[in-house]
Amino acid sequence: MDEQTKSWRIVAVRRLSEAQLKSLSEVAEVDYFEDVDESNRADFMTALSKAHGLIGGKLELDETMLAEAPELQVVSTISVGYDHLPLEALNRRGILLCNTPDVLTETTADTAFALIMATQRRLVELASLVRDGGWRAHIGAEHFGVDVHSKTLGIVGAGRIGTAIARRGALGFGMPILYTASSSKTALEQQLGAQRRELNDLLAESDIVCISVPYNDDTHHLIDADALARMKPTAALINIARGKVVDEPALIEALRCSGIRAAGLDVFAEEPLPANSPLAAMNNVVMTPHIGSATHETREAMAQLAVVNLLGALIGSGPLNAVNVNDWLRSAANAKEA
Ligand code: DGY
Numbered sequence: 001m002d003e004q005t006k007s008w009r010i011v012a013v014r015r016l017s018e019a020q021l022k023s024l025s026e027v028a029e030v031d032y033f034e035d036v037d038e039s040n041r042a043d044f045m046t047a048l049s050k051a052h053g054l055i056g057g058k059l060e061l062d063e064t065m066l067a068e069a070p071e072l073q074v075v076s077t078i079s080v081g082y083d084h085l086p087l088e089a090l091n092r093r094g095i096l097l098c099n100t101p102d103v104l105t106e107t108t109a110d111t112a113f114a115l116i117m118a119t120q121r122r123l124v125e126l127a128s129l130v131r132d133g134g135w136r137a138h139i140g141a142e143h144f145g146v147d148v149h150s151k152t153l154g155i156v157g158a159g160r161i162g163t164a165i166a167r168r169g170a171l172g173f174g175m176p177i178l179y180t181a182s183s184s185k186t187a188l189e190q191q192l193g194a195q196r197r198e199l200n201d202l203l204a205e206s207d208i209v210c211i212s213v214p215y216n217d218d219t220h221h222l223i224d225a226d227a228l229a230r231m232k233p234t235a236a237l238i239n240i241a242r243g244k245v246v247d248e249p250a251l252i253e254a255l256r257c258s259g260i261r262a263a264g265l266d267v268f269a270e271e272p273l274p275a276n277s278p279l280a281a282m283n284n285v286v287m288t289p290h291i292g293s294a295t296h297e298t299r300e301a302m303a304q305l306a307v308v309n310l311l312g313a314l315i316g317s318g319p320l321n322a323v324n325v326n327d328w329l330r331s332a333a334n335a336k337e338a
């Protein structure tokens, strides 16, 4: 190991396995934090001030913290989404940002389908009825659900995860598929018979609307009161993307006054969901605590990919997934010229 390699310092936060920490520590000094909170924030900042690489899940990093991390070269997030990270500030500093797409696609699509099934068939509500001793007679129409098979599934954002949800719907449940995307997806159309729609038309025609767009300025409150008003009153909204894609007060209102029938939500405007959120008291809402990718296998694969990304970026063999590689190359070229 050469001197340059040995002098790397890495700060790792949350849920890396022993084997993964060992891989990192073979090439760098590693400061590992199982969590960062008020009790150890000062230690975390001291470690970050010397770090060349930062890796972890749910990383909290802002411009002020970046200013105290003069050596930082790579941030490797254990997530596909990076809306929680200050991309512009990272670009200004020429810091490479790596994420973990692909390895979580199928698991997150499974989560979407779990929410679809639970919402249509009222699984959580009716399981509680049995558990709480409320099942005393034959179930009648007041407890009936709604079919999943053959219903029209509208995918808002037919990227990797949206496409995997569409595949489950079309091939597993015989659902006609509508989708939004910036351009037509030939494979989706040819293999699944999916049809592209403008958002407003998709909302009006779908029985189940599933949101799978990344969160950014363009998608903030994409599903607002107007959008919800376009949905069928019998329709369900499923969100496995980011809470702020939906105007949550508008959603609560739509659910309260039968603007739509039900919602299945894995993500919320504020996480963890405040206990006093009106959503928590609604029988027509199924909620999970942001578990899109949360299986043993997938979280392990995401952490492994994040390790490979970080080491590839630091050592120079190249990361597998970099979000801002063009900005990073530009910044490297500028630094060379200066
Ligand atoms: C992701 O990877 O972005 C998931 O939503 C977990 O945060």
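Numbering (our numbering), first residue to last: 1 to 338. By construction, the Cβ of each residue, glycine as well, lies at the ideal position given by its N, Cα and C atoms. Predicted model, so just to flag it, every value in this text is computed and none were measured.
What do you get for residue i, buried or exposed, if any count of 16 or more other CB atoms within 10 angstroms of its CB means buried?
i	result
N326	exposed
E68	exposed
D247	buried
S348	Examination of residue 348 is not possible in this model, given that the chain is present from 1 through 338 alone.
G162	buried
R122	buried
M1	Confidence at M1 is low in this model, with a pLDDT of 46, below 50, so the placement of that residue should be treated as unreliable; the coordinate-derived value is given next. Classification for M1: exposed.
P86	buried
K336	exposed
S128	exposed
T186	exposed
A194	buried
T298	buried
N324	buried
G154	buried
A275	exposed
Starting from residue i, follow the alpha helix (DSSP H) in both directions and report where the run begins and ends.
i	result
F44	R41 to K50
L239	What sits at residue 239 in the sequence shown is Asn, not Leu. No alpha helix (DSSP H) holds N239; the beta strand (DSSP E) holding it covers A236 to N239.
I252	E248 to R256
L61	Neither: L61 is in no alpha helix (DSSP H) and is coded neither H nor E.
M117	T105 to R121
V307	H296 to I315
L90	L87 to R93
L188	T186 to L192
Below 6 angstroms CB to CB, which residues in the same chain sit around residue i once its five sequence neighbours on both sides are set aside?
i	result
N283	E125
A262	T119, A236 and N284
L90	L97
G259	L228
A322	L96 and C98
S17	none
A403	Nothing about residue 403 can be read from this structure; the chain reaches only from 1 to 338.
Between the C-alpha atoms of residue i and residue j, what's the straight-line distance to the nearest angstrom?
i	j	result
L115	G145	14 angstroms
F44	E63	16 angstroms
A204	G140	30 angstroms
A229	A332	48 angstroms
A269	R242	8 angstroms
L59	V13	7 angstroms
I211	G312	33 angstroms
I173	I165	Just to set this straight, residue 173 is Phe in the shown sequence, not Ile. Distance between the alpha carbons of F173 and I165 is about 11 angstroms.
T108	L66	31 angstroms
A225	N334	46 angstroms
L310	S76	6 angstroms
Y179	D35	39 angstroms
Y215	R136	45 angstroms
F113	R167	11 angstroms
D102	D37	30 angstroms
W142	G81	The amino acid occupying residue 142 in the given sequence is Glu; Trp does not appear at that position. Those two C-alpha atoms are separated by around 39 angstroms.
E106	A254	30 angstroms
R196	M231	17 angstroms
S25	V148	49 angstroms
Just curious, the beta strand (DSSP E) that residue i is in, first and last residue?
i	result
A28	A28 to F33
S76	V74 to T77
W339	Limits of the chain in this structure are 1 at one end and 338 at the other, which puts residue 339 out of reach.
V209	I208 to I211
V156	L153 to V156
A333	Run containing A333: none in the beta strand (DSSP E); it sits in the alpha helix (DSSP H), V325 to E337.
T180	I177 to T180
G53	G53 to G56
A145	Residue 145 is actually Gly in this sequence, not Ala. Premise fails: G145 is in no beta strand (DSSP E) and is neither H nor E.
For residue i, collect the residues of the same chain with a Cβ closer than 8 angstroms to its Cβ; drop the 5 residues on either side in sequence, then sort them by chain order.
i	result
H52	W8, R9, I10, A28, E71, L72, Q73, V74 and L314
A280	L273 and M287
L21	A12, V30 and Y32
R93	L66, L72 and S331
With a threshold of 7 angstroms on Cβ separation, who are the neighbours of residue i within its own chain once the five nearest residues in sequence on each side are excluded?
i	result
T219	V213 and V245
K151	M175, D207 and I208
V308	L320
D266	T111, L115, N239, I240, T288, H290, I291 and G292
A303	R15, L16, S17, Q20 and I78
G264	L115, I116, A118, T119, A236, I238 and V286
Hey, is residue i's beta-carbon within less than 9 angstroms of any beta-carbon in chain D?
i	result
L279	Within the model displayed, chain D is absent; a lone protein chain is all it includes.
Which residues have their C-beta within less than 6 angstroms of a heavy atom of ligand 1, listed in chain order? For ligand 1, the residues with a Cβ under 6 angstroms from any of its heavy atoms are, in chain order, S79, V80, G81, L104, G292 and S293.
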